[in-house]
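Protein chains: 2
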Amino acid sequence: MTNKEIYFDNAASTYIYDEVVQHINKINTEFFANPSSTHLAGISSFEQIKKMKENFCEILHIKPSSLIFTSGGAESNNFAIKSVAFANMLKSYNIVISSYEHPSVMNTAYYLEKFGFEIRVCHLNEFGHLDLDMLKKLVDNNTILVSTAHVCSETGSVTDIKKISDIIKAINRKCYYHVDAVQSLGKFPINLSMYNNIDLMSFSSHKIHGPKGVGALYIKPKVKIDPFIIGSQSAGLRAGTLNTSGICGFCLALSIIDKNRESNYIKTQILRKYLIDELNSAFSDDIFLVSPMDGSPYILNIAFRSIKSEVLLNALSQKSIYVSSGSACNSKTGISKTLKTMNIPKDFIEGAIRISFCDLNTTDEVDIFIENLRELIPMLQLFVRR
Amino acid sequence: MTNKEIYFDNAASTYIYDEVVQHINKINTEFFANPSSTHLAGISSFEQIKKMKENFCEILHIKPSSLIFTSGGAESNNFAIKSVAFANMLKSYNIVISSYEHPSVMNTAYYLEKFGFEIRVCHLNEFGHLDLDMLKKLVDNNTILVSTAHVCSETGSVTDIKKISDIIKAINRKCYYHVDAVQSLGKFPINLSMYNNIDLMSFSSHKIHGPKGVGALYIKPKVKIDPFIIGSQSAGLRAGTLNTSGICGFCLALSIIDKNRESNYIKTQILRKYLIDELNSAFSDDIFLVSPMDGSPYILNIAFRSIKSEVLLNALSQKSIYVSSGSACNSKTGISKTLKTMNIPKDFIEGAIRISFCDLNTTDEVDIFIENLRELIPMLQLFVRR
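Chain order of the listed sequences is A and B.
Under this note's numbering, the first sequence has 386 at position 386, and the numbering climbs by one with no breaks.
Under this note's numbering, the second sequence has 1163 at position 163, and the numbering climbs by one with no breaks.
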């Protein structure tokens, strides 16, 4: 990537902090022994992970024994959903998810239908939030798991996970609640000691300037869960040689982003507000704000009238401006299920793009973006209307 | 690790090639965009993986569409076994494994008992090889999968996977055969175009001087298999953002080790022979060769009379010599299931250690190792006999 490129796709993946790149380099060179080996070289590798993990867990206010490192957010989501389901298989059980889940939650839940689970989907209300009245009707004594994202990867809609966790447990004390926190870790305060009714939480490294191929799953003590990758490591729940450099890189990234969390939040909040104002002033009736106004400052989803988002995305890409047409995971499969369930006007539904920020983005970049949109949008609309 | 340290635990993990460390660094710095994103930055990341994967697949003589990158050997083994089982769930079906499988194969198979699968275990014959007569009796029309290691991680015993694959298919054309090739990739010739009856094969990166947290699973076209990590990437079978630097590092490691495969093989063969001769001359009746003589040159398992292996391992570790008491994955759980099923004399069973080589090991290191054993063994035997 060069300085001339404008990267507005930070919800898909982020640049890796320099310190993290250097640390990975050091670990790969000096600590290659298997952290499970009991000789001194193995113990040295394990100690690298141990001290970094302790710091990671302090930030989340959990015990290290409650955190298992995985290969990423998708594995964490699969782990949470499948392994809770397989440990609690009884007849006529159901799982509740929201309509705005990432494919690694939604498709995993539907996969479980073949094992006899009923999948129930809770929709959004007119304000873009989870419909709590509907949720109360969906959760019953046969619900073993509810899974929702903390921040929706496509729209940035923020879910009140504390409130939802309390609602669920009030209906069914035994029902587990899993939160996909892939888009909120390092961006929103997450203090798990204050969330007594949250049982599982998924995290990803490469969304917070850490390396790819690493994630984590928080599992509250006493949650009845099967192992996901079976073997012998990690308390029997997730086998596989611990990825020393990946895990240490992830932990270092969290410690850096956490220190800057509040200032980053304010910075992106100002940037998002600036972008919305500029868009409104440039396109007024030709844009539709898909994201709720009170959504995450890191994500803005907007739809243009009479535009195909992939065409706009490609045109912007030619000008070295990188945005997304939804979540990267949906990018090759057309309009997402999430957007389909929202009340987006017909003229706009195909023209939704996602702009997602990190600390490096600036108002100058937003200005260049708007300038390019002013040129491209009328041209592309003309093309579609023909 | 310093030059004074002797690392004989290469079956647990290996040093990372310098070129690989540098390449990971470059990818982490320059190609951070999500390889699934459709803008130019995403495409550039994807291209990095594509060209390296093509080279990887050429070495194995397979099509790129048949290979899925995973988070490591344990995931690949879990993926192969669970996902074939879940895609072929019918009553009274069985799965056949050998008695020398890695925990990520053996424990995964036993996990499937709760879903109704019967697990059958094939033992070794007196020569330390899979008992083919027993195998023929175990495989029947209800067998959906046979899984064996190519090279046993604990003893280095080499399995004739071609012969076994032909035996299985002669009995039951529809039975799938999975090979755990974690200890053979890069060390033994693997040309999958010559193995028509092999359906799945697992690989790991960090056993061949690549990074940890990466592996791969070969899946022959038309194998009926469920997705393992569900979401939307990788043909729907393994979701999760592609780990660009990890995958590229793995591919580069394979291309380097493959070029040196034959010379490495001869070198370690000479080294293993030298070690066996020196051990025999130094300890004669006090050692028992656990590994078959025709085993992999990279692995030697020997047992000492009246010794506890973990005590010896620790004593050697104090002298900066690193060996293993079995596979690293078993290292904290006592005598392995594999060794228990072998005919190891009672006096020796607790004293088995594994020495595993790579290209950097030398006869000088073997000399220092023997010298230290000459000092330690009588002392430790005295301790046990007291």
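For every residue, glycine included, the Cβ atom is placed at its ideal position computed from N, Cα and C.
Please read these numbers as outputs of a predicted model, since none were measured by experiment.
To the nearest angstrom, how far is the alpha carbon of A/Ile225 from that of A/Asn88? Taking the straight line from one Cα to the other gives about 8 Å.
Please identify, using Cβ separations under 9 Å, the residues of the segment 19 to 43 of chain A that lie next to chain B, in order along the chain. The segment 19 to 43 of chain A vs chain B, Cβ under 9 Å: Val20, Val21, Gln22, Ile24, Asn25, Asn28, Thr29, Glu30, Phe31, Phe32, Ala33, Asn34, Pro35, Ser36, Ser37, Thr38, His39, Leu40, Ala41, Gly42, Ile43.
Have a look at B/Leu1040, B/Leu1060, B/Gly1042, B/Pro1064 and flag the residue whose alpha-carbon is nearest the alpha-carbon of B/Gly1051. The question names Gly, yet the displayed sequence has Lys at residue 1051 of chain B. For B/Lys1051, the nearest C-alpha among the options comes from B/Pro1064.
Would you call the segment 250 to 270 of chain A and the segment 88 to 100 of chain A touching, i.e. three or more CB-CB distances under 8 Å? Contact fails: fewer than three Cβ-Cβ distances are below 8 Å.
Name the DSSP bridge partner or partners of A/Ala149? When DSSP reads this structure, A/Ala149 sits in a beta bridge with A/Asp180.
Close beta carbons around B/Ile1219, own chain, < 7 Å, minus the five adjacent residues each side: Closer than 7 Å at the Cβ level, and outside the excluded window around B/Ile1219, lie Ser1066, Ile1068, Leu1200, Ile1225.
DSSP state of B/Ser1234, grouped into three classes? Only weak support is given to the placement of B/Ser1234: the predicted model assigns it a pLDDT of 49, under 50, and the value that follows is read from those uncertain coordinates. It is helical.
Separation of B/Ser1184 from A/Asn372, as counted between CA atoms: Taking the CA atoms as reference points, A/Asn372 sits about 54 Å from B/Ser1184.
Is it true that the CB of A/Ile230 sits closer than 9 Å to the CB of B/Asn1078? Contact: yes.
Would you kindly work out how many angstroms separate the C-alpha atoms of B/Ile1368 and B/Lys1169, rounded to a whole number? Near 48 Å, if we compare the C-alpha coordinates of B/Lys1169 and B/Ile1368.
Buried or exposed for B/Tyr1007, please, with buried defined as at least 16 other CB atoms from any protein chain shown within 10 angstroms of its CB. Classification for B/Tyr1007: buried.
Inter-residue spacing [alpha-carbon to alpha-carbon] between A/Ile299 and A/Cys152: One C-alpha to the other measures close to 9 Å.
Going along the chain, which residues of its own chain have a beta-carbon closer than 7 Å to the beta-carbon of B/Leu1380, five neighbours each way excluded? By the criterion of a C-beta distance shorter than 7 Å, B/Leu1380 is surrounded in its chain by Ile1307, Val1311, Leu1312, Ala1315, once the five residues flanking it on both sides are discounted.
Go through the segment 252 to 309 of chain A residue by residue and report every complete run of the alpha helix (DSSP H) that reaches 4 residues or more, in order. Correct list: 261 to 283.
N- and C-terminal bounds of the beta strand (DSSP E) containing B/Tyr1218: 1215 to 1219 is the extent of the beta strand (DSSP E) around B/Tyr1218.
Based on Cα-Cα distance, which residue from B/Val1290, B/Ser1013, B/Phe1250, B/Ile1321 lies nearest to B/Lys1346? Answer by Cα proximity: B/Val1290.
Is the shortest distance between the beta-carbon of B/Val1323 and the beta-carbons of chain C less than 9 Å? Checking the listed chains, one finds no chain C in this structure; the protein chains it contains are A and B.
Secondary structure of B/Ile1062, DSSP reduced to three states: Correct three-state label for B/Ile1062: coil.
Taking the alpha-carbon of B/Asn1196 as reference, which of B/Leu1279, B/Ile1208, B/Val1223 has the nearest alpha-carbon? The closest CA to that of B/Asn1196, considering only B/Leu1279, B/Ile1208, B/Val1223, is found on B/Val1223.
Output the boundary residues of the alpha helix (DSSP H) element that contains B/Glu1030. Run containing B/Glu1030: 1018 to 1030, per the alpha helix (DSSP H) assignment.
Sequence-distant residues of its chain with Cβ nearer than 7 Å to B/Val1319 (five each side left out): The amino acid occupying residue 1319 of chain B in the given sequence is Lys; Val does not appear at that position. Exclusion of the five residues before and after B/Lys1319 leaves Asn1372 as the residues of its chain whose Cβ lies within less than 7 Å of its Cβ.
For B/Ile1168, which three-state DSSP category applies? The answer is helix: DSSP assigns B/Ile1168 an H, G or I state.
Give every residue of the same chain whose Cβ lies closer than 7 Å to the Cβ of A/Gly396, excluding the five residues on either side of it in the sequence, and list them in chain order. A question about residue 396 of chain A goes unanswered here, because the residues of chain A that appear run from 1 up to 386.
Given B/Val1139 as reference, the closest of B/Thr1341, B/Lys1174, B/His1039 once Cα atoms are compared: Out of B/Thr1341, B/Lys1174, B/His1039, B/Lys1174 has the C-alpha closest to the C-alpha of B/Val1139.
The alpha helix (DSSP H) that contains A/Leu339, what's its start and end? Counting along the chain, the alpha helix (DSSP H) containing A/Leu339 begins and ends at 337 to 340.
DSSP three-state label for B/Cys1057, please. In the three-state scheme derived from DSSP, where H, G and I count as helix and E and B as strand, B/Cys1057 is classed as helix.
Residue burial classification, B/Leu1360 (beta-carbon count within 10 angstroms, cutoff 16): A residue is called buried when at least 16 other Cβ atoms come within 10 angstroms of its Cβ; B/Leu1360 does not meet this threshold and is exposed.
How many Å lie between A/Ile349 and A/Lys337 at the Cα? Here the alpha carbon of A/Ile349 sits roughly 12 Å from the alpha carbon of A/Lys337.
Does DSSP put A/Val366 in a helix, in a strand, or in coil? Of the three classes helix, strand and coil, the one that applies to A/Val366 here is helix, per DSSP.
In three-state terms, what does DSSP make of B/Ser1036? Correct three-state label for B/Ser1036: coil.
Compile a chain-ordered list of the residues in the segment 226 to 252 of chain A whose CB is closer than 9 Å to at least one CB of chain B. So the close ones are Asp226, Pro227, Phe228, Ile229, Ile230, Gly231, Ser232, Gln233, Gly236, Arg238, Ala239, Gly240, Thr241, Leu242, Asn243, Thr244, Ser245, Gly246, Ile247, Gly249.
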